[in-house]
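Chain order of the listed sequences is A and B.
Going by this note's numbering, the first sequence opens with residue 1, and the numbers climb by one from there.
Going by this note's numbering, the second sequence opens with residue 482, and the numbers climb by one from there.
Working notes, beginning with the structure itself.
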Amino acid sequence: MMQPFEIARKNLLDPAGLTDLQLQNVLSHVLGNSIDNADLYFQASYTESWVLEDGIIKGGSYNIDRGVGVRAMSGEKTGFAYSDDIILPALEQAAKAARSISNNDGATPVKAWEMSIEKQLYLPVNPLTSATETEKVALLQKIDKYTRALDSRVIQVNISLAAEFETILVMASDGHLAADVRPLVRLNVSVVMEQNGRREQGYAGGGGRYDYQYFFADDKGFEYAKEAVRQAAVNLEAVDAPAGAMPVVLGPGWPGVLLHEAVGHGLEGDFNRKGTSLYSGQMGKQVASTLCTVVDNGSLPNRRGSLTIDDEGTPTQCTVLIENGILRNYLQDKRNARLMGMKSTGNGRRESYASMPMPRMTNTYLLPGKSKPEEIIASVKKGLYAVNFGGGQVDITSGKFVFSACEAYLIEDGKITKPVKGATLIGNGPEVLSKVSMVGDDLQLDSGIGICGKDGQSVPVGVGQPTLKVDSMTVGGTHHG
Amino acid sequence: MDNLKNLVESILAEAKRQGATDAEVDVGTNKGFTVSSRKAEVESVEYHQDKGISLNVYFGKRLGSASLSDFSREAIESAVKAACNIARFTDEDPCSGLAEKELLAFNYPEIELFFPWKISVAEAIKLACECEAIALAKDKRISNSEGAMITTSESYHAYGNSQGFIGLSSATRHEISCVMIAKEKEEMQRDFSYTTACDPDMLRSIKDIANEAVDRTIRRLGAKSLKTCKVPVIFPAEEARGLLGHFVSAIQGGSLYRKSSFLVDHLGKKVFPEHIQIQEHPHLAKALGSAPFDDDGVNTTDNIFIENGILRNYCLSVYSARKLGMKSTGNAGGVHNLSISHSEKDLEALIKTMDKGLLVTEVMGQGINIVTGDYSRGASGFWIEHGKIQYPVDEITIAGNLRDIYARVIEIGNDIDRRGNIHTGSILIEEMTVAGC
């Protein structure tokens, strides 16, 4: 099997016959008397998707995106330009534009490349070719039949299968040279169910940095189908959600979107360098209950949010953000780390060559505690048990965050009783985390569906947590009294 | 523009050459830059230069699609090949295919949407820094800033299909924005202001933007939560836009044929109170939502969606129309300059009508379920009593069902916000559940 460097050179540089010498030349012309750092980011991304709807394979699409981004940094200033064409003249033009951030003349030789080779967290395979078209289409049809047979109330089934094969090559003026080949696959099942004129939807999916065999191996699609149908069936019975402040128990896995919103974004290095996050200047201070230890870990094998190296070529790592309630680390890219006198934590990510890198999360989760999930639920007299969520949002300055439950139940006298309609939960990051009074021993990570948006850039991420209890949170239902 | 036209024609020819019975192609290019300042010094300069092709090929009723950013002949040939290959594995879809010839916009109008901003990067940097400097100096409670930003872009777009239709359009878009942070004791609040238009002469001044960013940020200081209650709610124009956006989602053909909308089977039924009219005007000069033809190449027209409160039209593409056994409304890709009728009251006059209630200035999160209409979102804003703003509130939620929310629209203000594709004034809703501490 070819290694990432060989694949990257073959895919990105060879077609235009670009040599190391030419690229060093381009970089040295970006670098000058007042540009202190520069990098080139080559990327080729091949994606495909297949969609089944109304029982037929309705469409499929294939996308190719290739290009190179040039970044020039001078203190806190950044110049950035890119080109959709990986050819020398386009690259030189982009480099010239990027360096215009400072009145720069001349050229400074760049350091000789030093290749950095990390232990790969996933195989450098092309998932698009890991199954035949016949097999892909048959998989969707099989899941469709299975889903429709699960429950006669199913009136609509939509299944999508998607894969991405991405190759990147980073060349930095500090001599750092790194490459990565990143497969990513995803399968989603969504259903609409109808009962007595009432309609509800259910959705499930998953994936990771694998090839398509991940879905073929143990009928993952059937699991997603069952989960989607179960969720819609629960929601068909749901009553109005309560409104007001109450104890909330969050289930394991995907509800970890709580950590992503309440903690993760607020600890991104750019916000803290600028002092715009409510966590700014809180290092070493208590920002959560002592039961909370939160990490961001980009180095888990095959996870959707994982990367062998980030988009600046830095190896990813497990970063402890909060340890027993104490703030320990920020999430850093090279630029913000340098400006803050810290080290990159391998969290410099970008949506593509056409956007600038910034500190982003990978897989963010809360470590397990000692309580049994049953004990946690039994401890609540009247409250909400929320097990599945749509998504969330945070204002990192005020700390206010929301996340929207799509499957939740009432807890009455320590027992889970009726399902309630989806509702948004709102709180303030440090306040909510200081009210975490029980943490379960059942840590789970999500199934591989997370997408995080920041400044218009989307990147795949993961979240996770054990069952946990927040003593009081505001629940945005309609039932008051 | 001629280049784009030639490109579209050559791709259509390539699709035919590779055996497709029909094909359609969309080509777009976009060029511009964004500069940002922070603490009144330049922070970043980004040059944008995007291009892209997306294409559909049909083999009878079977569809395959591809997209790419490389305009080279080899890349196009291989993308067409990939799309044709996909079409060998997709199923016959009776609703698939190009628009009927009589629907195509062969005589599409020229709409004035192209007004380049003659500003250099250096001038834009200066303007952004000045904007931010005005804001930073305005109030002592302004403690920090996320900066000011200026963006300008020029885009060209061509759509063509094998029915012989080819349409070209070009547009510009410019924006100035400013984000401020205020601090008082331990509390930090952030807010922003922006102006956007296709004609730079229609942009508001940097002074206006700076002052508004500061006012909006300062007024949030001292926010508290509310006791859970049911009260009238005002969505100011910029938030009302979102509320109408959910209506558009619910009447989209895609949501309807998937039975994924609370407005399935609602044509001819009352959705809003009788005094409400909702229409679209796709051919307005200098409006950001204008389009001479839709994404299927179909004529765009002044559609009426709500007439005297009654739902008169869905928002349909060629495909979704066929799925529903109806006719395209020229809405492939969405609505164009949706507008709603209004009263002669401004926001202040609407507030005056409130005894007790909530003015929502920000909503957060994705708690909107179009299938059921259930609505539950995080919010912040102001508590109103006796027709006057009392104090800022946050960490609350607002909830209801969109059916009831639309049915209980009491009045719409004349303070119309035209910064997007939906033009509306502030909207007063009779009652929603507000959850707090």
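We put the CB at the ideal spot given by N, CA and C, even for glycine.
Remember, it's a predicted structure, so these values are computed and weren't measured experimentally.
- Residue state for B:PHE587 is assigned as coil, using DSSP reduced to three classes.
- By the criterion of at least three beta-carbon pairs nearer than 8 Å, the region 525–542 of chain B is not in contact with the region 108–121 of chain A.
- Within the model, the alpha-carbon separation for A:GLY414 versus A:LYS381 is close to 5 Å.
- Put simply, of A:ALA97, A:CYS406, A:GLU76 the residue whose alpha carbon is nearest the alpha carbon of A:MET340 is A:GLU76.
- Taking A:ASP84 as the centre and dropping the five residues before and after it, the same chain places the C-beta of GLY67 closer than 6 Å to its C-beta, in chain order.
- Put simply, the CB of A:ALA178 is far from chain B, with every gap to its CB atoms at 8 Å or more.
- Counting only runs of 4+ residues, the alpha helix (DSSP H) found wholly inside the region 642–726 of chain B occupies 687–699, in chain order.
- Look at B:PRO575 here: in three-state DSSP terms it is coil, with no helix or strand label.
- Interface residue (Cβ-Cβ distance to chain B less than 8 Å): A:GLY67 is classified as such.
- For B:VAL714, the closest alpha carbon among the candidates B:VAL489, B:GLU505, B:GLU912, B:MET482 is that of B:GLU912.
- By the CB criterion at 8 Å, A:LEU128 and A:PHE165 fall inside the cutoff.
- For the region 153–167 of chain A, the set of residues with a beta-carbon nearer than 9 Å to any beta-carbon of chain B comprises ILE155, GLN156, ASN158, in chain order.
- Put simply, the backbone Cα of A:SER299 is about 16 Å away from that of A:ALA178.
- DSSP, read as helix, strand or coil, puts B:GLY790 in coil.
- Cβ neighbours of B:LYS582 within its own chain (closer than 6 Å, five residues either side excluded): GLN644.
- Counting the other Cβ atoms within 10 Å of the Cβ of B:THR515 gives 16 or more, which makes it buried.
- Residue contact with chain A for B:TYR528: present (Cβ-Cβ distance below 8 Å to some residue of chain A).
- Put simply, the backbone Cα of B:GLU866 is about 40 Å away from that of A:GLY251.
- Boundaries of the alpha helix (DSSP H) around A:PHE222: 220–236.
- Counting every other CB atom within 10 Å of its CB across the protein chains shown gives B:GLU761 a total of 16 or more, marking it as buried.
- Residue pairing by DSSP places A:GLN457 opposite A:LYS454 in a beta bridge.
- For A:SER49, the closest C-alpha among the options A:GLU268, A:LEU425, A:ILE159, A:SER434 is that of A:ILE159.
- Looking at A:ALA288, A:ASN347, A:ILE309, A:GLY305, the one whose alpha-carbon comes closest to that of A:GLY325 is A:ALA288.
- The residue among B:SER626, B:SER577, B:ASN511, B:ILE690 with its C-alpha nearest the C-alpha of B:TYR539 is B:SER577.
- Secondary structure note for B:ILE557: its alpha helix (DSSP H) is the uninterrupted segment 554–568.
- With the rule of 3 Cβ pairs closer than 8 Å, the region 224–236 of chain A counts as touching the region 190–209 of chain A.
- Taking CB atoms only, B:ASN850 has a neighbour in chain A less than 8 Å away.
- The Cβ of A:ASP395 sits closer than 8 Å to at least one Cβ of chain B.
- According to DSSP, A:TRP113 shares a beta bridge with no other residue.
- For B:MET807, no chain A residue has a C-beta closer than 9 Å to its own C-beta; the minimum C-beta separation is roughly 17 Å.
- Shortest Cα-Cα distance from B:ASP783 to any of B:LYS666, B:SER820, B:PHE673, B:ARG701 involves B:SER820.
- What B:MET845 touches in chain A, judged by beta-carbon distance under 9 Å, is GLY392, GLN393, VAL394, ASP395, LYS400, PHE401, VAL402, THR424, ILE426, going in chain order.
- Of the residues B:GLU627, B:ALA772, B:GLY846, B:TRP598, the one whose Cα lies closest to the Cα of B:ARG654 is B:TRP598.
- Neighbours of B:GLU627 across chain A, judged by C-beta separation under 8 Å: LYS274, THR276.
- Taking a beta-carbon distance threshold of 8 Å, B:VAL523 counts as an interface residue toward chain A.
- Cα atoms of A:MET283 and B:ALA616: separation of roughly 30 Å, rounded to the nearest angstrom.
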